[in-house]
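Peer 1: From first to last, the protein sequence lines are chains A and B.
Every number in my numbering is 3 more than the matching position in the first sequence, counting from 1.
Every number in my numbering is 118 more than the matching position in the second sequence, counting from 1.
Structure below; questions to follow.
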Amino acid sequence: MTVPFFSNVIYSFLIALGVIVGASLFAGVAALINNHPPLKTMLDFSDSIKIWAVAVALGGTFSSFQILEQGLLKGEIRSIGKQAIYVLVALLGANSGCNIIRLIQRCGQLWIK
Amino acid sequence: MDKIKRGMTNFFLSLAAGVIIGALAGAAGFNALVSYKVDEYHQRIKHLEAVVEDKEARLKKLEESIKEFSKSKGSYMLTNIEVILIYEGDDLEKTTLEKNIKAKLDHLLGREVKSIDIETVEQVIDNRIFKSDGKEFKLKVDKILLDEVLKIWVNVDINAK
């Protein structure tokens with residue numbers, strides 16, 4: 004199945020965002036079961052799995068490296084550019100996920116006040 | 119018959135999937151709601167643990183110095199008050215009652231054991247009524263043991279009027 008460039012960008016962004024938000028929320032549940040502070044655990048996890056979220060969004064780094072290699076050796080600058088954009092968008096999605104988790108903290112502060 | 123069976127299986131599968139997804143989503147959502155408060159409680163517990171540790175260390179040193187002082191003087195000082203409640207209530211009520219009784223006897227701490235009048239101690243607690251959470255607790259002193267530690271056994275009647 005060939006997916007157009009713009010659709011791929013949306014996929015990358017949302018997958019990275021979902022990985023961070025989902026993983027952090029369930030890490031929070033695990034922290035609650037283990038009697039650890041849930042919000043701190045969620046924030047720590049969201050930061051530490053950022054790079055993995057990018058890797059997951061790109062469908063594993065292997066195919067990306069393959070495309071980069073082809074681009075460098077065969078001079079396909081466009082595919083390199085596309086991959087760079089996917090990586091950037093995935094990073095953006097991962098960062099947005101982290102910010103959503105930080106938003107929980109902000110909302111909590113407002114709620115307590 | 120086969121159609122009905124297939125329909126039932128589909129229904130139960132959908133129900134199970136709905137319950138599982140609902141439980142997971144609910145747990146994650148509720149956790150996100152309460153996580154800030156739980157974090158605050160964790161922080162407060164850690165802070166209080168540190169405070170208790172610090173106070174315990176100071177108390178230990180003070181107790182040692184009081185013991186040395188009373189040894190040199192040849193007299194005993196009251197170092198602690200223990201309240202033993204003869205009461206089948208819940209722990210929270212017990213703690214509140216203990217705290218209230220100790221508050222009435224706190225002024226005796228650090229005093230010479232010889233100078234403490236045991237009848238006055240009894241009168242302070244005996245037949246006293248404490249009110250807490252809409253309940254009345256009538257206290258009756260059972261026995262008192264006075265040493266470096268004052269031990270007092272108290273009977274508690276709930277809703278006594």
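All residues carry an ideal CB built from backbone N, CA and C; glycine is no exception.
Everything numeric in this text was worked out from a predicted model, so none of it was measured.
So Ala150 of chain B and Leu28 of chain A are in contact, right, with Cβ under 8 Å, and what is the actual spacing, rounded?
Peer 2: Taking the second sequence and counting its residues from 1, one reaches residue 150 of chain B at position 32. Taking the first sequence and counting its residues from 1, one reaches residue 28 of chain A at position 25. At roughly 6 Å, the Cβ-Cβ gap stays under 8 Å, so Ala150 of chain B and Leu28 of chain A are in contact.
Peer 1: Taking only beta carbons into account, state which residues of the segment 19-41 of chain A come closer than 7 Å to chain B, listed in chain order.
Peer 2: Within the segment 19-41 of chain A, the residues whose Cβ lies closer than 7 Å to some Cβ of chain B are Leu28, Phe29, Gly31, Val32, Leu35, Pro40, Pro41, listed in chain order.
Peer 1: Report yes or no: is there a C-beta of chain B within less than 8 Å of the C-beta of Gly100 of chain A?
Peer 2: Here residue 100 of chain A is taken as the residue at index 97 of the first sequence, counted from 1. So no, Gly100 of chain A is outside the interface.
Peer 1: Under 8 Å between beta-carbons, which chain A residues line up against Lys156 of chain B? List them in chain order, please.
Peer 2: Your numbering for residue 156 of chain B matches position 38 in the second sequence. In the sequence on display, residue 156 of chain B carries Val and not Lys. Ordered by position in chain A, the residues that pass the 8 Å Cβ test against Val156 of chain B are Leu35, Pro40, Pro41, Leu42.
Peer 1: I'd like the span of the beta strand (DSSP E) that includes Ser193 of chain B, first residue to last.
Peer 2: Start at 1 with the first residue of the second sequence, and residue 193 of chain B comes out as number 75. Run containing Ser193 of chain B: none; DSSP gives neither H nor E here.
Peer 1: Mind pulling the chain A residues with CB within less than 7 Å of Ala175 of chain B?
Peer 2: In the second sequence, counting from the first residue as 1, residue 175 of chain B sits at position 57. None at all; the shortest Cβ gap to chain A is about 26 Å.
Peer 1: Tell me the residue span of the alpha helix (DSSP H) that contains Lys85 of chain A.
Peer 2: Taking the first residue of the first sequence as 1, we reach residue 85 of chain A at position 82. Taken as a continuous stretch (DSSP letters only), the alpha helix (DSSP H) holding Lys85 of chain A covers 80-115.
Peer 1: Below 9 Å between beta carbons is the criterion; list the residues of the segment 228-258 of chain B that meet it against any residue of chain A, in chain order.
Peer 2: Against chain A - using a Cβ distance shorter than 9 Å - the segment 228-258 of chain B contributes no residues.
Peer 1: Report buried or exposed for Ala141 of chain B, applying the criterion of at least 16 other Cβ atoms within 10 angstroms of its Cβ.
Peer 2: Reading the second sequence from its first residue, position 23 is the one you call residue 141 of chain B. The residue in question, Ala141 of chain B, is exposed, as its Cβ has fewer than 16 Cβ neighbours within 10 Å.
Peer 1: Taking 8 Å as the CB-CB cut-off, is Gly78 of chain A touching chain B?
Peer 2: Mapped onto the first sequence, residue 78 of chain A falls at position 75. No, Gly78 of chain A lies away from the interface with chain B (no Cβ there is under 8 Å from its Cβ).
Peer 1: Can you give me the Cβ contacts of Leu17 of chain A inside the same chain, cut-off strictly under 8 Å, excluding the 5 residues immediately before and after it?
Peer 2: Taking the first sequence and counting its residues from 1, one reaches residue 17 of chain A at position 14. Answer for Leu17 of chain A: Gly96, listed in chain order.
Peer 1: List the DSSP bridge partners of Trp271 of chain B.
Peer 2: On the second sequence, position 153 is the one that residue 271 of chain B refers to. Looking at the DSSP assignment, Trp271 of chain B forms a beta bridge with B:Ile202, B:Lys261.
Peer 1: Anything in chain A within Cβ reach of His225 of chain B, meaning under 8 Å, just list it in chain order.
Peer 2: Position 107 of the second sequence, counted from the start, is the residue given in the question as residue 225 of chain B. Correct list: empty, because the minimum Cβ distance to chain A is about 39 Å.
Peer 1: Would you mind telling me which residues of chain B sit closer than 9 Å to Trp114 of chain A, beta carbon to beta carbon, in chain order?
Peer 2: Taking the first sequence and counting its residues from 1, one reaches residue 114 of chain A at position 111. The answer, in chain order, is Leu151, Tyr154, Lys155.
Peer 1: Nearest CA to the CA of Lys191 of chain B: which residue from B:Asn128, B:Glu174, B:Ser250, B:Lys232?
Peer 2: Residue numbering aside, residue 191 of chain B sits at position 73 when the second sequence is read from its first letter. The shortest C-alpha separation from Lys191 of chain B is found at B:Lys232.
Peer 1: Taking 8 Å as the CB-CB limit, is Ala141 of chain B close to chain A?
Peer 2: Numbered from 1 along the second sequence, position 23 holds the residue referred to as residue 141 of chain B. Judged by the 8 Å Cβ criterion, Ala141 of chain B is not in contact with chain A.
Peer 1: List the endpoints of the continuous beta strand (DSSP E) containing Ser51 of chain A.
Peer 2: As a working mapping, residue 51 of chain A is identified with position 48 in the first sequence. No beta strand (DSSP E) contains Ser51 of chain A, which is instead part of the alpha helix (DSSP H) from 41-51.
Peer 1: In whole angstroms, give me the CA-to-CA distance for Asp50 of chain A and Glu79 of chain A.
Peer 2: In the first sequence, residue 50 of chain A corresponds to position 47, counting from 1. In the first sequence, residue 79 of chain A corresponds to position 76, counting from 1. Cα-Cα distance, rounded: 34 Å.
Peer 1: With a threshold of 8 Å on Cβ separation, who are the neighbours of Ile202 of chain B within its own chain once the five nearest residues in sequence on each side are excluded?
Peer 2: In the second sequence, counting from the first residue as 1, residue 202 of chain B sits at position 84. For Ile202 of chain B, where only same-chain residues beyond five positions count, the Cβ hits under 8 Å are Lys269, Ile270, Trp271, Val272.
Peer 1: Based on the DSSP output, what are the partners of Lys253 of chain B in its beta bridges?
Peer 2: As a first step, residue 253 of chain B is located in the second sequence; it is residue number 135 there, counting from the start. Answer by DSSP bridge pairing, in chain order: B:Ser250.
Peer 1: Would a check of beta-carbon distances place Ile13 of chain A closer than 8 Å to chain B?
Peer 2: Residue 13 of chain A sits at position 10 when you count from the first residue of the first sequence. It does not: the Cβ of Ile13 of chain A has no partner Cβ on chain B nearer than 8 Å.
Peer 1: Report yes or no: is there a C-beta of chain B within less than 8 Å of the C-beta of Ile107 of chain A?
Peer 2: Looking up residue 107 of chain A in the first sequence gives position 104. Ile107 of chain A counts as touching chain B.
Peer 1: Mind checking whether Ala19 of chain A and Ala93 of chain A have CB atoms under 8 Å apart?
Peer 2: Locating residue 19 of chain A in the first sequence gives position 16, where the first residue counts as 1. Locating residue 93 of chain A in the first sequence gives position 90, where the first residue counts as 1. Taking 8 Å as the Cβ cut-off, Ala19 of chain A and Ala93 of chain A qualify as a contacting pair.
Peer 1: Would you be able to state if there are at least three C-beta pairs under 8 Å between the segment 99-107 of chain A and the segment 38-46 of chain A?
Peer 2: Contact between the segment 38-46 of chain A and the segment 99-107 of chain A is present, because at least three Cβ pairs lie under 8 Å.
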